[in-house]
Amino acid sequence: MQAACRHKAARALGFHIPAILLSIIMIYPLVWMISSSLKPNEEVFTTVTKLIPSRIVWENYVTGWQASGRYTYATFFKNSFTIAIWCTIGGVVSSSLVAYAFARIPFAGKKIWFAILMGTMLLPVQVLLIPQYIMFKGFGWINKYLPIIVPQFCGVPFFVFLNLQFMRGVPKELDEAAEMDGCGWLYKYLRIMLPLSVPSLITSGIFGFYWSWQEFLQPLIYISKPKLYPASIALKMFSDPNTQTNWAGLFAMTTLSIIPVVAVFMLFQRYLVEGVATTGLKG
Amino acid sequence: MTAANGTLTRGYRRRRLRNNLAGYAFLAPWLIGLIAFTSIPMLYSLYLAFTKYDSLSSPEWIGTANFANMFQDGVFWKSVGVTFKYVFILVPLRLAAALGVALILTTNHKGIGFYRTVYYIPSLLGGSVAIAIIWSKLWGSDGAINGLISAVTGQPYTYSWIGNPGTALYSLILLGCWHFGSSMLIFVSGIKQIPQSYYEAAVLDGAGPWQRFRYVTFPALTPVIFFNLVMGIINAFKAFSEALVITDGGPLNSTMLFALYIYKQGFTYFKMGYACAMSWVLLIIIGAFSAIVFRSSNYWVYYEA
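Quick note, the sequences are listed as chains C and R, same order.
Residues in the first sequence are numbered consecutively from 1, following the numbering used here.
Residues in the second sequence are numbered consecutively from 284, following the numbering used here.
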């Protein structure tokens, strides 16, 4: 009996010790960032291994927020939110519609279109980068968010796939009842599928928010006015080792920039974990 | 009788027409995007690949010169080599980490949910500029990693991991590995779906832990591994922002990932024709590797009948 208990304890330790060590490694960069953001600036690189600051300097968040000149992070974060919100709405709404066509409606050429949709997932963005740039420049879309936002309104293949997997799991009997009443596809989509597919809408909304919040390549190409910089570009611009001296302030801003991501994760954890699981499994 | 048949086919035809109309109406946003933002740009890019174009004067047709120039371009070959190294070290390493941790997290212990969350969070922050900046400071000559090494060895250590061509790429690979969490989640739910009876049968046959993994868990997971492998390879070939922010392709082009080199040719040197030609090479490489993985799947991926 005692031996069994000891064996159980040893087994638990054998699990928890490596698991905690790995947790420390995984979380260390984030803890280091937060700790550096609270240190006196001159101590950031002289006390790199100390995670507890000698004194807590909240002012880093104020000096960091001011950035370098005319525009503060109030502007940059506002810009990031503008991009993220429009991209998320566009991606979620359009992808749900497209997914419904593939999930329920029998139409000619469905298989071919679906194959093309899956194919576009493999397409590297680099192939489209230059021709899209030339095209959007022609539209007068330079220094506008339109090149980043508008394509999201045309469906995001990953979200279509995610919604499609979910919709396939919704029983068809519900549709049939509505069909008896002579309801059309739009009605069946709005009244039956849409309310039931809220979980997959939320999952795609979360990913849409993450990706557009952190988007770097597109604004890098299309946005050159500091007034319009999203936070990702601003952080990059202020991280030049030759000009940046207020590292603690910069780390304060990198910390702020990940807060929305972590907050959304905490709020919607359940949806996210399930969403990741379903797309991967039935692939 | 004929009349009844007539109305039946007419009703059927009308319904088919209605379905087609509805189908394409729902598909419309994507179809418009496919034409306007994917197909036309791709065709245009294919054309530009055979031209000299600096985005100011109009494109000038130069035939296959861009492709011929690639063979002469030392940085191009360097970047192909760097990219292959990046992909072929990162993808297996990350998959192995994800699978290994997933196996441990599906054992019966307390606190599994907590560990799962902690391991997953880095994947969310994945490609963000914030993390790239932190990474460059962690692995710099006065960074925290050297601080820890100095503390352990008792001697000041100032080797710049990202400033040296021998190690810079590995710091990017490590950053990639740090994101093993999303693949891990997929593996965890894959493992949970394996029926317990398989394991019971294996135990009855006298299978030990390794044999249970080799003959039950691994075959059952092969479809999930396959999915992760394909997505991992494609995403690794496209990797860009980490290299731009952390090393900007240097030192000595040792982190000049192919996607970054395309960006630089296009938007730093304004050799847009050349950049388009290279992007097609990237597309062909990704296509070829996807095809190889798909082909090979016949031999190692088990789908339950």
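By construction, the Cβ of each residue, glycine as well, lies at the ideal position given by its N, Cα and C atoms.
{"query": "Closest residue to T551(R) among S338(R), A484(R) and G346(R) (Cα-Cα distance)", "result": "S338(R)"}
{"query": "Span of the alpha helix (DSSP H), counted from its first residue to its last, around F510(R)", "result": "F501 to K521"}
{"query": "CB contact flag (G208(C), F159(C), <8 Å)", "result": "yes"}
{"query": "The region 175-189 of chain C contacting the region 144-151 of chain C, beta-carbon criterion three pairs below 8 Å", "result": "no"}
{"query": "Beta-carbon proximity of P124(C) to F520(R), cut-off 8 Å", "result": "yes"}
{"query": "Any C-beta of chain C under 8 Å from that of D425(R)", "result": "yes"}
{"query": "Within chain D, partners of W65(C) - CB distance below 7 Å", "result": "Although the question refers to chain D, the structure presented lacks it and instead comprises the protein chains C and R."}
{"query": "Beta-carbon proximity check, T538(R) vs L455(R), cutoff 8 Å", "result": "yes"}
{"query": "Three-state class that DSSP yields for W141(C) in the structure shown", "result": "coil"}
{"query": "Whole-angstrom C-beta distance between C87(C) and S257(C), which should lie under 8 Å", "result": "At roughly 16 Å, the Cβ-Cβ gap does not stay under 8 Å, so S257(C) and C87(C) are not in contact."}
{"query": "Closer than 7 Å at the beta carbon, the chain C residues around L310(R)", "result": "V98, A101 and W113"}
{"query": "Coarse secondary structure for W422(R), derived from DSSP in three states", "result": "coil"}
{"query": "Boundaries of the alpha helix (DSSP H) in which G437(R) is found, first to last residue", "result": "First-last for G437(R): undefined, no H or E at that position."}
{"query": "Residue-level contact to chain R via CB, L128(C), 8 Å cutoff", "result": "yes"}
{"query": "Same chain only: Cβ atoms within 8 Å of F523(R), ignoring 5 sequence neighbours per side", "result": "L540, A542, L543 and Y546"}
{"query": "Residues near S239(C) in its chain [Cβ-Cβ closer than 8 Å; skip 5 each side]", "result": "L250"}
{"query": "Member of W444(R), V412(R), P506(R) and G437(R) whose CA lies at the smallest distance from the CA of D425(R)", "result": "W444(R)"}
{"query": "Spatial distance of R104(C) from M121(C) (CA atoms)", "result": "22 Å"}
{"query": "Contact check, F161(C) vs Y222(C), beta carbons under 8 Å", "result": "no"}
{"query": "Neighbour list for T390(R) in chain C, Cβ cutoff strictly below 8 Å", "result": "F15"}
{"query": "Distance, F350(R) Cα to S562(R) Cα", "result": "11 Å"}
{"query": "L421(R): contacting residues in chain C (beta-carbon distance under 8 Å)", "result": "P29 and W32"}
{"query": "Amino acids of chain R, ordered along the chain, whose beta-carbon sits closer than 7 Å to that of F45(C)", "result": "D425"}
{"query": "Residue-level contact to chain C via CB, P324(R), 8 Å cutoff", "result": "yes"}
{"query": "Cβ shell of T441(R) (< 8 Å), same chain only, five flanking positions each side left out", "result": "S424, D425 and N429"}
{"query": "Per-residue contacts from Y210(C) into chain R (C-beta, under 7 Å)", "result": "L407"}
{"query": "Beta-carbon proximity list for M33(C), same chain, < 8 Å, skipping 5 on both sides", "result": "F251, T254 and T255"}
{"query": "Beta-carbon proximity of G556(R) to A332(R), cut-off 8 Å", "result": "yes"}
{"query": "Any chain C beta carbon closer than 8 Å to S562(R)", "result": "yes"}
{"query": "C-alpha gap between W493(R) and S466(R), whole angstroms", "result": "22 Å"}
{"query": "Endpoints, alpha helix (DSSP H) assigned at G446(R)", "result": "Unbroken run through G446(R): none, as it is neither H nor E."}
{"query": "Touch test, the region 402-418 of chain R against the region 463-478 of chain R, Cβ-Cβ under 8 Å, three pairs minimum", "result": "yes"}
{"query": "Which of helix, strand or coil DSSP assigns to W461(R)", "result": "coil"}
{"query": "DSSP three-state assignment for T530(R), whether helix, strand or coil", "result": "coil"}
{"query": "Proximity below 8 Å, CB of S580(R) to CB of F509(R)", "result": "yes"}
{"query": "E343(R), DSSP secondary structure in three states", "result": "strand"}
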